[in-house]
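All remarks here apply to the structure that follows.
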Amino acid sequence: MATDKIPSSTSSGAIVLYDIGHKPPEAESCFSPNPWKSRFALNFKGLPYSTTWVGMLDISKVRRGLGEPACRKFADGTEFFTLPMIQDTATGATVGDSFDIAVYLQRTYPDSGAGDLFPAQPLDYTYVQSSAIKIPLSTPADGGFPEYARFNANVDAAFSMHTPLMVGGMPFDPATVEETKAEFVRRAGLSSWDDFTLTREAREGLTESFRAALGDLAKLFLENTDGPFLLGQQPSYADLIVGAWLRMSQMTLPKSEWEEVRRWHGGVFGQLHDALDTYAEVK
Ligand SMILES: N[C@@H](CCC(=O)N[C@@H](CS)C(=O)NCC(=O)O)C(=O)O
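Counted the way my numbering counts, the sequence shown spans residues 11 to 293.
Pasting the structure below:
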């Protein structure tokens, strides 16, 4: 966290959420799951904020400019500059990891909006990675709310493993689409964007794996029968974590596949997604 570099253009008393700007209008195409977690958390807390959209290729420049170090590394060990980031002009803080942002909001604004983002609950979900491809898990710096941090890491891994189903539907900015695709190809060690295309068999297999991964997660939601959230009627940050990945799924999966996801496992994910519309306003 950095606390001393606030752009003068930011209005006093408000929070700025930095999200990745994809296809204009950005507010209609935002699909990046970690920024969605922070948008949900800010709306849950009912705090005044505005979004600054940052092009995919400008993230490192903007993040460095705000004095926020990278919180991820690429497989080759180089720094991976990511969003979301928030800048809170009321306190002077910048926070650059979605989990740390939620913890920061809870500690700084404990009673705001819908209240407690982190009510005590077991959150017993482990995603067992089946293949040799290991998805690096998020490592928030703060160390608060360890059950939630563990849940976050496992949900991230479960969905990340299945993002090949979503890559073809990502609404990139036409102005930078070729450079953005080239960067994805480079990171994946492939030779062309077409290498991301799945054969029909591969797609069916990965869809079945996705359904199974979400089946274990659905068990937690089915323990409470009285509501769409893990705690029944009371939403918590754990619901927002899953909901953020559902926003990405909705935005990037072919429509028929998204409709299937909504119906899987008794429809728990469709219900959760719809219930979180309350906190989904893009400001
Ligand atoms: N642990 C970080 C991870 C953030 C992250 O991976 N953000 C992705 C979007 S969901 C990103 O900024 N990607 C930029 C890129 O791929 O160049 C967090 O939770 O904030």
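Note that CB positions come from ideal geometry on N, CA and C, so glycine has one too.
Remember, it's a predicted structure, so these values are computed and weren't measured experimentally.
My output table needs one value for Met171: the three-state DSSP class, helix, strand or coil.
Residue state, collapsed to three classes: coil.
Under a Cβ-count criterion, where at least 16 other Cβ atoms within 10 Å of its own Cβ denotes burial, should Lys55 be classed as buried or exposed?
Buried, by the Cβ-count rule.
Using the three-state DSSP reduction, which class does Lys229 fall into: helix, strand or coil?
Helix at Lys229.
Using the beta-carbon count (16 or more within 10 Å), is Asp204 buried or exposed?
Its Cβ having fewer than 16 others within 10 Å, Asp204 is exposed.
Could you tell me how far apart the beta carbons of Glu189 and Leu67 are, in whole angstroms, since I believe they sit closer than 8 Å?
Sure, about 6 Å apart at Cβ, within 8 Å.
Which residue from Ser39, Thr136 and His32 puts its Cα closest to that of Asn164?
With distances taken between Cα atoms, Asn164 lies closest to Thr136.
Residues in the same chain with beta-carbon distance under 6 Å from Gly106, minus the five sequence neighbours each way, listed in chain order, please.
Excluding positions up to five away in sequence, the list reads Glu78, Cys81 and Met95.
Rounded to whole angstroms, what's the CA-CA distance from His283 to Tyr247? Just pull it up for me.
Going from the Cα of His283 to the Cα of Tyr247 covers about 14 Å.
If I follow the unbroken alpha helix (DSSP H) through Val252, where does it start and stop?
Segment Tyr247 to Thr262, the alpha helix (DSSP H) holding Val252.
Which residue comes first and which comes last in the alpha helix (DSSP H) that contains Gln243?
Taken as a continuous stretch (DSSP letters only), Gln243 belongs to no alpha helix (DSSP H), as it is neither H nor E.
I'd like to confirm something about Ile96: is its beta-carbon nearer than 7 Å to some heavy atom of ligand 1, or not?
The answer is no for Ile96.
Can Ile25 and Pro58 be called in contact, C-beta distance under 8 Å?
In contact: Ile25 and Pro58 (Cβ atoms closer than 8 Å).
Could you tell me which residues DSSP puts in a beta bridge with Ala112?
Per DSSP, none; premise fails for Ala112.
Considering only residues of the same chain and omitting the five flanking positions on each side of Thr62, which have a CB-CB separation below 6 Å?
Cβ neighbours of Thr62 beyond the five flanking positions: Val26 and Tyr28.
For Thr262, which residues from the same chain have a beta carbon less than 7 Å from its beta carbon, with the 5 sequence-adjacent residues on both sides left out?
Closer than 7 Å at Cβ, skipping near neighbours: Phe41, Met176, Gly179 and Met180.
Compare the C-beta of Ala80 against all C-beta atoms of chain D and say whether one is closer than 8 Å.
This model lacks chain D altogether, as it is built from one protein chain only.
Using 8 Å as the threshold, is the C-beta distance between Val292 and Arg49 below it?
Contact: yes.
Using a Cβ-based criterion (distance less than 7 Å to any ligand heavy atom), does Asp107 qualify as near ligand 1?
Checking the Cβ of Asp107 against ligand 1 gives yes.
Taking Trp274 as the reference, give the member of Phe231, Gly125 and Tyr289 with the closest Cα.
For Trp274, the nearest C-alpha among the options comes from Phe231.
Name, in chain order, the residues that DSSP records as bridge partners for Lys83.
DSSP, once it has assigned bridges, lists Glu89 as partnering Lys83.
Just how far apart, CA to CA, sit Asn53 and Lys47?
Each residue's Cα considered, the two are about 10 Å apart.
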